[in-house]
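Peer 1: Supplied in structure tokens, the structure appears directly below.
2 protein chains.
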Amino acid sequence: PEASSGTPGALPPVKWQMTTSWPNSLDTLQGSALYVAERVAALSGGRFTIEVFAAGELVPGLQVLDAVQSGTVQCGHSPTYYYVGKNSALAFGTALPFGLNAQQQNAWLYHGGGIEAMNDILASFNTIAFPAGNTGTQMGGWFKREIKTVADLQGLKMRIPGLGGQVLSRLGVNPQILPGGEVFLALERGAIDAAEWVGPYDDEKLGLHKAAPFYYAPGWWEPGATLHLMINLDAWNQLPPPYQAMVQTAAAEANQNCLSLYDTRNPEALQRLLAQGTQLRSFSPEILAACQKEAFALYGEMAAENPQFQAIFDPWQKFRETIYQWHGVAELGFSSFVMQSPV
Amino acid sequence: PEASSGTPGALPPVKWQMTTSWPNSLDTLQGSALYVAERVAALSGGRFTIEVFAAGELVPGLQVLDAVQSGTVQCGHSPTYYYVGKNSALAFGTALPFGLNAQQQNAWLYHGGGIEAMNDILASFNTIAFPAGNTGTQMGGWFKREIKTVADLQGLKMRIPGLGGQVLSRLGVNPQILPGGEVFLALERGAIDAAEWVGPYDDEKLGLHKAAPFYYAPGWWEPGATLHLMINLDAWNQLPPPYQAMVQTAAAEANQNCLSLYDTRNPEALQRLLAQGTQLRSFSPEILAACQKEAFALYGEMAAENPQFQAIFDPWQKFRETIYQWHGVAELGFSSFVMQSPV
Numbered sequence: 483p484e485a486s487s488g489t490p491g492a493l494p495p496v497k498w499q500m501t502t503s504w505p506n507s508l509d510t511l512q513g514s515a516l517y518v519a520e521r522v523a524a525l526s527g528g529r530f531t532i533e534v535f536a537a538g539e540l541v542p543g544l545q546v547l548d549a550v551q552s553g554t555v556q557c558g559h560s561p562t563y564y565y566v567g568k569n570s571a572l573a574f575g576t577a578l579p580f581g582l583n584a585q586q587q588n589a590w591l592y593h594g595g596g597i598e599a600m601n602d603i604l605a606s607f608n609t610i611a612f613p614a615g616n617t618g619t620q621m622g623g624w625f626k627r628e629i630k631t632v633a634d635l636q637g638l639k640m641r642i643p644g645l646g647g648q649v650l651s652r653l654g655v656n657p658q659i660l661p662g663g664e665v666f667l668a669l670e671r672g673a674i675d676a677a678e679w680v681g682p683y684d685d686e687k688l689g690l691h692k693a694a695p696f697y698y699a700p701g702w703w704e705p706g707a708t709l710h711l712m713i714n715l716d717a718w719n720q721l722p723p724p725y726q727a728m729v730q731t732a733a734a735e736a737n738q739n740c741l742s743l744y745d746t747r748n749p750e751a752l753q754r755l756l757a758q759g760t761q762l763r764s765f766s767p768e769i770l771a772a773c774q775k776e777a778f779a780l781y782g783e784m785a786a787e788n789p790q791f792q793a794i795f796d797p798w799q800k801f802r803e804t805i806y807q808w809h810g811v812a813e814l815g816f817s818s819f820v821m822q823s824p825v
Numbered sequence: 483p484e485a486s487s488g489t490p491g492a493l494p495p496v497k498w499q500m501t502t503s504w505p506n507s508l509d510t511l512q513g514s515a516l517y518v519a520e521r522v523a524a525l526s527g528g529r530f531t532i533e534v535f536a537a538g539e540l541v542p543g544l545q546v547l548d549a550v551q552s553g554t555v556q557c558g559h560s561p562t563y564y565y566v567g568k569n570s571a572l573a574f575g576t577a578l579p580f581g582l583n584a585q586q587q588n589a590w591l592y593h594g595g596g597i598e599a600m601n602d603i604l605a606s607f608n609t610i611a612f613p614a615g616n617t618g619t620q621m622g623g624w625f626k627r628e629i630k631t632v633a634d635l636q637g638l639k640m641r642i643p644g645l646g647g648q649v650l651s652r653l654g655v656n657p658q659i660l661p662g663g664e665v666f667l668a669l670e671r672g673a674i675d676a677a678e679w680v681g682p683y684d685d686e687k688l689g690l691h692k693a694a695p696f697y698y699a700p701g702w703w704e705p706g707a708t709l710h711l712m713i714n715l716d717a718w719n720q721l722p723p724p725y726q727a728m729v730q731t732a733a734a735e736a737n738q739n740c741l742s743l744y745d746t747r748n749p750e751a752l753q754r755l756l757a758q759g760t761q762l763r764s765f766s767p768e769i770l771a772a773c774q775k776e777a778f779a780l781y782g783e784m785a786a787e788n789p790q791f792q793a794i795f796d797p798w799q800k801f802r803e804t805i806y807q808w809h810g811v812a813e814l815g816f817s818s819f820v821m822q823s824p825v
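Note that the protein sequences, when read in sequence, are chains R and V.
Read left to right, the first sequence gives residues 483 to 825 (the working numbering).
Read left to right, the second sequence gives residues 483 to 825 (the working numbering).
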């Protein structure tokens, strides 16, 4: 330690590395990782610095948790549901189909036991994590032809990973997993019939509006997807308490900032897409009801297979019901009037 | 300065005082002020402390900005719209009737120029402010009798301050201004016919459900009310940059935390109220449309009177339209399905 580290009020210099699941081109998601690093540097007067690496620069984008667990890096930025293969209960940290929107997800994470529930599981991966970004409700993706009934889903080849893909496969969809860089060509050439990504601002960058005309809402599989800052537990435990507070507070600020950034950029991107001929469509109530039914059937199966999933699912489902009841009164009552009643 | 203040990485001890607009009993609102102080202490390792005083302990609850401006205290926690008498444009910082919900208000504040617009005005009061709390969409209040048409508003004596009261007075309501502690008795004894406060969790504390049976939604005059941390500019400018970052980041974290806290406590409080016989009602589309029309007529008059109001209103109205368009697609499409389609 340098000479000043024993002085009251002086904290030691610390240098960390962070790896993420994002390319630099996604300034919303990668931007949230960079935001954490910038705030920690500002809070510490430059004594605690975090160098941020995009997916693939140090570690592949889907192996962030592995790299954090092993200590290859001290921290990472990634959604917990990328790691459901290790433990299916990690889905709750990010999003469940027909689950919580961003505001509800934050309530569950910060005051409904969500952060603690995820960290109970992540401790067995030598990791602690805090929410550090949210996309808001995503879009339902781009379709070459209109989807009007559940029967229209039969045999549809759609790029959709994760639990959303599992739910749709129960209704006859053939889910495809493709990295972002390959989605446009597959859709444009007809190798797939449909593809979901995030929402207007991010989708526009992939050019998906040039490959399919129908843009469906909502992305019921990601109604408020959270990204997490994941931290190696040994590195975390070695931090002086003020540095722990800086990391935690910067992550919380990034969590809010990411959603506000999406909410500012998506409206403008949507207007550009519509001006170029994109046609908005909504999934029919029949399709949504069928998908919701299959989603909860799937959760029942997952709970039966994994007691840790069951232990989180039961109170989560109760939380979901009571917050839906409240938000159905004031939030929905206000939003459904004003968004459908222009001045 | 103490001996260590010149050491690299060591920051000087700083003690501030904060006065708020809230009683200690409101653990949501006063809790947000305390949260800022707790986080700044944690971030600084206890070297930067803020002592928090409830309304009336040092300064009356409606004079927070005055106390901050004069330097009586270094900072305060209060909504900017309490000070519309000084400048009507300060309404935008908190909430406008038929304005933005919490998620939209955050987008406008953090990435739509809102923080900068408020601070341009507050600079003339020797103050800088940052968002530090949000209530979410509030309730429309407690009514002794049902309100079914615009005609039913005629002559109604209702406790409702601010712009909401001004809008309703254009439709025949007789708005009353009463402090929280007097609302229950006035409503219970029939001195007033109706009263609004915040939402289930805070209203329950005042006992309003024991004074009137009908609980109306939504509180269209406060769809996502922001509370601000207000800071004396001289005190702010004297802070070392890391301390400025701590104050700003702690305020942002408190902003998100307050909404999540309300979203956890309101659902449970609503269930308790319903179990005690409270009857939920919704303002009719006719009433909402008439109120929205009067609200925007009022904004036109305020803009004509105050160029600073006009300068913020024009881009704010454009921001409102485009974010309503986007949220009307994905957010509303998801929420309106799931909240009305139980599993």
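Glycine included, C-beta positions come from ideal geometry on N, C-alpha and C.
Around the Cβ of Asn-444 of chain R, are there at least 16 other Cβ atoms within 10 angstroms (buried) or fewer (exposed)?
Peer 2: This structure does not reach residue 444 of chain R, given that chain R is present from 483 up to 825, and the question cannot be answered.
Peer 1: Classify Ile-610 of chain V as buried or exposed, calling it buried when 16 or more other Cβ atoms lie within 10 Å of its own Cβ.
Peer 2: As a working note, residue 610 of chain V is residue 128 in the second sequence. So Ile-610 of chain V counts as buried.
Peer 1: If you scan the region 723 to 777 of chain R from start to end, which runs of the beta strand (DSSP E) of 3 or more residues do you find wholly inside it?
Peer 2: Listed in chain order, the complete beta strand (DSSP E) runs (minimum 3 residues) inside the region 723 to 777 of chain R are 761 to 764.
Peer 1: Taking Cβ-Cβ distances shorter than 7 Å, what residues in chain V pair up with His-559 of chain R?
Peer 2: Along the first sequence, read from residue 1 onward, the residue named residue 559 of chain R stands at position 77. Correct list: empty, because the minimum Cβ distance to chain V is about 18 Å.
Peer 1: Using Cβ-Cβ distances below 9 Å, what residues of the region 575 to 605 of chain R are close to chain A?
Peer 2: You won't find chain A in this structure, because its protein chains are R and V.
Peer 1: Report yes if the C-beta distance between Pro-700 of chain V and Thr-619 of chain V is below 8 Å; otherwise report no.
Peer 2: The residue labelled residue 700 of chain V in the question sits at position 218 within the second sequence. The residue labelled residue 619 of chain V in the question sits at position 137 within the second sequence. Yes; because the gap between Cβ atoms is below 8 Å, this pair is in contact.
Peer 1: DSSP three-state call for Val-550 of chain R: helix, strand or coil?
Peer 2: The count along the first sequence starts at 1 and reaches residue 550 of chain R at position 68. Correct three-state label for Val-550 of chain R: helix.
Peer 1: Go through its chain and collect everything with a Cβ distance to Cys-740 of chain V's Cβ below 6 Å, but skip five positions before and after it.
Peer 2: Within the second sequence, numbered from 1, the residue matching residue 740 of chain V stands at position 258. Cβ neighbours of Cys-740 of chain V beyond the five flanking positions: Ser-514, Gly-615 and Asn-616.
Peer 1: Indicate the three-state DSSP secondary structure (helix, strand or coil) for Leu-540 of chain R in the structure shown.
Peer 2: If you number the first sequence from 1, residue 540 of chain R lands on position 58. It is coil, neither helix nor strand.
Peer 1: Does Pro-483 of chain V get closer than 8 Å to chain R when you measure Cβ to Cβ?
Peer 2: Residue mapping note: residue 483 of chain V aligns to position 1 of the second sequence, counting from 1. Below a pLDDT of 50, predicted positions are generally treated as unreliable, and Pro-483 of chain V, at 34, falls in that range; no measurement from the model is reported.
Peer 1: Quick one: does Trp-702 of chain R have its CB under 8 Å from some CB of chain V?
Peer 2: Along the first sequence, one-based indexing puts residue 702 of chain R at 220. Trp-702 of chain R counts as touching chain V.
Peer 1: Ala-633 of chain R to Asn-656 of chain R, Cα distance in whole Å?
Peer 2: Position 151 of the first sequence holds residue 633 of chain R. Position 174 of the first sequence holds residue 656 of chain R. Distance between the alpha carbons of Ala-633 of chain R and Asn-656 of chain R: 13 Å.
Peer 1: Taking the alpha-carbon positions, what's the Gly-663 of chain V to Ser-560 of chain V distance?
Peer 2: Indexing the second sequence from 1 puts residue 663 of chain V at position 181. Indexing the second sequence from 1 puts residue 560 of chain V at position 78. Their Cα atoms are separated by approximately 18 Å.
Peer 1: If the cut-off is 7 Å on Cβ atoms, which residues from the region 795 to 814 of chain R count as contacting chain V, listed in chain order?
Peer 2: Correct list: Thr-804, Ile-805, Tyr-806, Gln-807, Trp-808, His-809, Gly-810, Val-811, Ala-812, Glu-813 and Leu-814.
Peer 1: Looking only at its chain, what residues have a beta carbon closer than 8 Å to the beta carbon of Leu-660 of chain R, apart from the 5 residues adjacent to it on each side?
Peer 2: What you label residue 660 of chain R is simply residue 178 of the first sequence in a count that begins at 1. Once the five neighbours on either side are set aside, the close Cβ partners of Leu-660 of chain R are Arg-641, Ala-668, Ile-674 and Ala-677.
Peer 1: Considering only residues of the region 581 to 629 of chain R, which uninterrupted beta strand (DSSP E) runs meet the minimum length of 3 residues and lie entirely inside it, listed in chain order?
Peer 2: Counting whole runs of 3 or more residues, the region 581 to 629 of chain R contains the beta strand (DSSP E) stretches 609 to 616 and 623 to 625.
Peer 1: Look up Glu-678 of chain V in the DSSP assignment and say whether it is helix, strand or coil.
Peer 2: Reading the second sequence from its first residue, position 196 is the one you call residue 678 of chain V. In the structure shown, Glu-678 of chain V sits in coil (DSSP, three-state: anything other than H, G, I, E or B).
Peer 1: Among R:Asn-788, R:Tyr-565 and R:Ser-507, whose alpha-carbon lies nearest the alpha-carbon of Leu-547 of chain R?
Peer 2: Residue 547 of chain R sits at position 65 when you count from the first residue of the first sequence. It is R:Tyr-565.
Peer 1: If you count every other CB in all the chains shown that lies within 10 Å of the CB of Pro-724 of chain V, and 16 or more means buried, which is it?
Peer 2: Mapped onto the second sequence, residue 724 of chain V falls at position 242. Under this definition Pro-724 of chain V is a buried residue.
Peer 1: Classify Gly-672 of chain V as helix, strand or coil using the three-state DSSP reduction.
Peer 2: In the second sequence, counting from the first residue as 1, residue 672 of chain V sits at position 190. Correct three-state label for Gly-672 of chain V: coil.
Peer 1: Residues of the region 520 to 542 of chain V with a CB closer than 8 Å to any CB of chain R: list them in chain order, please.
Peer 2: Taking 8 Å as the Cβ-Cβ cut-off against chain R, the residues of the region 520 to 542 of chain V that qualify are Arg-521, Ala-524, Leu-525, Ser-526, Gly-527 and Arg-529.
Peer 1: Tell me which residue opens and which closes the beta strand (DSSP E) that Ser-503 of chain R is part of.
Peer 2: Numbered from its first residue, the first sequence carries residue 503 of chain R at position 21. Note, Ser-503 of chain R: premise wrong, no beta strand (DSSP E); not H, not E.
Peer 1: Just to check my reading of the structure: Thr-804 of chain V and Gln-753 of chain R have Cβ atoms closer than 8 Å, yes? What is that Cβ distance to the nearest angstrom?
Peer 2: The count along the second sequence starts at 1 and reaches residue 804 of chain V at position 322. The count along the first sequence starts at 1 and reaches residue 753 of chain R at position 271. Confirmed, Cβ separation roughly 7 Å.
Peer 1: Please work out which residues of its chain come closer than 6 Å, Cβ to Cβ, to Ala-523 of chain V, disregarding the five sequence neighbours upstream and downstream, and give them in chain order.
Peer 2: Within the second sequence, residue 523 of chain V is the residue found at index 41, counting from 1. Counting only Cβ-Cβ distances below 6 Å, and skipping sequence neighbours, we find Thr-531.
Peer 1: Give the DSSP-derived three-state secondary structure of Lys-568 of chain V in the structure shown.
Peer 2: Indexing the second sequence from 1 puts residue 568 of chain V at position 86. Coil.
Peer 1: Using 8 Å as the limit for Cβ to Cβ distance, is Ile-742 of chain R near chain V?
Peer 2: Here residue 742 of chain R refers to the residue found at position 260 of the first sequence. First, the amino acid is wrong: residue 742 of chain R is Ser here, not Ile. Interface residue, yes.
Peer 1: So is Leu-709 of chain R in contact with chain V if we call contact Cβ pairs under 8 Å?
Peer 2: As a working note, residue 709 of chain R is residue 227 in the first sequence. No, because no Cβ of chain V sits closer than 8 Å to the Cβ of Leu-709 of chain R.
Peer 1: Please state whether the Cβ-Cβ distance between Ala-536 of chain V and Trp-498 of chain V is less than 8 Å.
Peer 2: Start at 1 with the first residue of the second sequence, and residue 536 of chain V comes out as number 54. Start at 1 with the first residue of the second sequence, and residue 498 of chain V comes out as number 16. No, the Cβ-Cβ distance between Ala-536 of chain V and Trp-498 of chain V is not below 8 Å.
Peer 1: In angstroms with no decimal places, state the Cα-to-Cα distance between Asp-495 of chain V and Gly-527 of chain V.
Peer 2: Taking the first residue of the second sequence as 1, we reach residue 495 of chain V at position 13. Taking the first residue of the second sequence as 1, we reach residue 527 of chain V at position 45. According to the sequence as given, residue 495 of chain V is Pro; it is not Asp. Distance between the alpha carbons of Pro-495 of chain V and Gly-527 of chain V: 10 Å.
Peer 1: Run through chain R and tell me which residues come within less than 9 Å of Leu-762 of chain V, C-beta to C-beta.
Peer 2: Position 280 of the second sequence, counted from the first residue, corresponds to residue 762 of chain V. Here the neighbours are Val-811.
Peer 1: For a test of the three-state rule: what should DSSP assign to Val-534 of chain R, helix, strand or coil?
Peer 2: As a working mapping, residue 534 of chain R is identified with position 52 in the first sequence. Strand at Val-534 of chain R.
Peer 1: Verify the CB distance criterion: does Leu-688 of chain V have a CB-CB separation below 8 Å to chain R?
Peer 2: One-based indexing of the second sequence puts residue 688 of chain V at position 206. Closer than 8 Å: no.
Peer 1: I need the straight-line Cα distance from Gln-774 of chain R to Ala-772 of chain V, nearest angstrom please.
Peer 2: Numbered from its first residue, the first sequence carries residue 774 of chain R at position 292. Numbered from its first residue, the second sequence carries residue 772 of chain V at position 290. When rounded, the distance between both Cα atoms is 37 Å.
Peer 1: Taking the C-alpha atoms as reference points, what is the distance between Leu-653 of chain R and Asn-748 of chain R?
Peer 2: Position 171 of the first sequence, counted from the start, is the residue given in the question as residue 653 of chain R. Position 266 of the first sequence, counted from the start, is the residue given in the question as residue 748 of chain R. Roughly 30 Å separates the two Cα atoms.
Peer 1: Please list, in chain order, the residues of the region 710 to 742 of chain R that have any C-beta partner in chain V closer than 8 Å.
Peer 2: Cβ contacts with chain V come from Pro-722, Pro-723, Pro-724, Ala-727, Met-728, Thr-731, Ala-732, Ala-734, Glu-735, Asn-737, Gln-738, Asn-739, Leu-741 and Ser-742.
Peer 1: Find the nearest neighbour of Ala-492 of chain R within the set V:Tyr-517, V:Arg-529 and V:Glu-735, judged by alpha-carbon distance.
Peer 2: In the first sequence, the residue the question calls residue 492 of chain R occupies position 10. When each option's Cα is compared against that of Ala-492 of chain R, the closest is V:Arg-529.
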